[in-house]
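> The sequence shown begins at 26 in the numbering used here and counts up one residue at a time.
We treat Cβ as the ideally placed atom computed from N, Cα and C, and that holds for glycine.
All values reported here derive from a predicted model rather than from experimental measurement.
Have a look at the structure that comes next, please.
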Amino acid sequence: MEKAVATKIGRRKLCMAHAGDASLPAIVKMAFGDGGMGEDGVERKPTGDETSLYNELLQKDLDGHMYREGSDQTTAVYTATLGAGECTGKYISEIGLIDADGDIVAIRTFLPMGKTEDIPLVFDMDEIF
Numbered sequence: 026m027e028k029a030v031a032t033k034i035g036r037r038k039l040c041m042a043h044a045g046d047a048s049l050p051a052i053v054k055m056a057f058g059d060g061g062m063g064e065d066g067v068e069r070k071p072t073g074d075e076t077s078l079y080n081e082l083l084q085k086d087l088d089g090h091m092y093r094e095g096s097d098q099t100t101a102v103y104t105a106t107l108g109a110g111e112c113t114g115k116y117i118s119e120i121g122l123i124d125a126d127g128d129i130v131a132i133r134t135f136l137p138m139g140k141t142e143d144i145p146l147v148f149d150m151d152e153i154f
């Protein structure tokens, strides 16, 4: 089951940039949410039509990015950290990549991870070309 997808907004921006009709804004933030599971307890499958997370809790600036080793710079890995005191008591089950225009360009769902007050959680999200 696909759990991560590029959104239509993100794909449109890539298409227009490749055609020379627009510049491509950098990915600058990661969004965190607790809506990656449906009320039935089944993990939601992103469609690409999303314009936001299912239930966004917080957006954070990226800690940074790198290129996946062995990918010939065709996979970028974006990292962001939920620090102590952020989203305490929440169960994170979705993340998204946000570009400099404020648009969500990729979304990923997963089984819920409980966030305690004193333990940071580090999230990586791959963008594969």
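Can you give me the C-alpha to C-alpha distance between Glu81 and Ile153, rounded to a whole angstrom?
Rounded to whole angstroms, Glu81 to Ile153 spans 23 Å at the Cα level.
> Leaving out the 5 sequence neighbours to the left and right, which residues in its chain are closer than 8 Å to Asp123 when beta-carbon positions are compared?
Note that residue 123 is Ile in the sequence shown here, rather than Asp. The answer, listed in chain order, is Ile52, Val53, Lys54, Met55, Ala56, Gln84, Ile129, Val130.
> Could you give the distance in angstroms between the alpha-carbon of Met41 and the alpha-carbon of Val30?
Distance between the alpha carbons of Met41 and Val30 is about 19 Å.
> Ordered along the chain, which non-local residues of its own chain (more than five positions away) have a Cβ less than 8 Å from that of Pro137?
Answer for Pro137: Asp59, Gly61, Met62, Tyr116, Ile117, Ser118, listed in chain order.
> For Gly63, does the three-state DSSP call read helix, strand or coil?
Coil.
> Check whether chain B comes within 8 Å of Glu64, counting only Cβ atoms and requiring the distance to be less than that.
Protein chains in the displayed structure number just one, and chain B is not present.
> Taking the DSSP output, what are the residues bridged to Leu107?
For Leu107, which the question treats as bridged, DSSP gives the partners Leu146.
> Cβ atoms of Asp74 and Lys38: under 8 Å apart, would you say?
Contact: no.
> Would you list the residues sitting across from Lys57 in a DSSP beta bridge?
According to the sequence shown, residue 57 is Phe rather than Lys. Partner(s): Leu83, Ile120.
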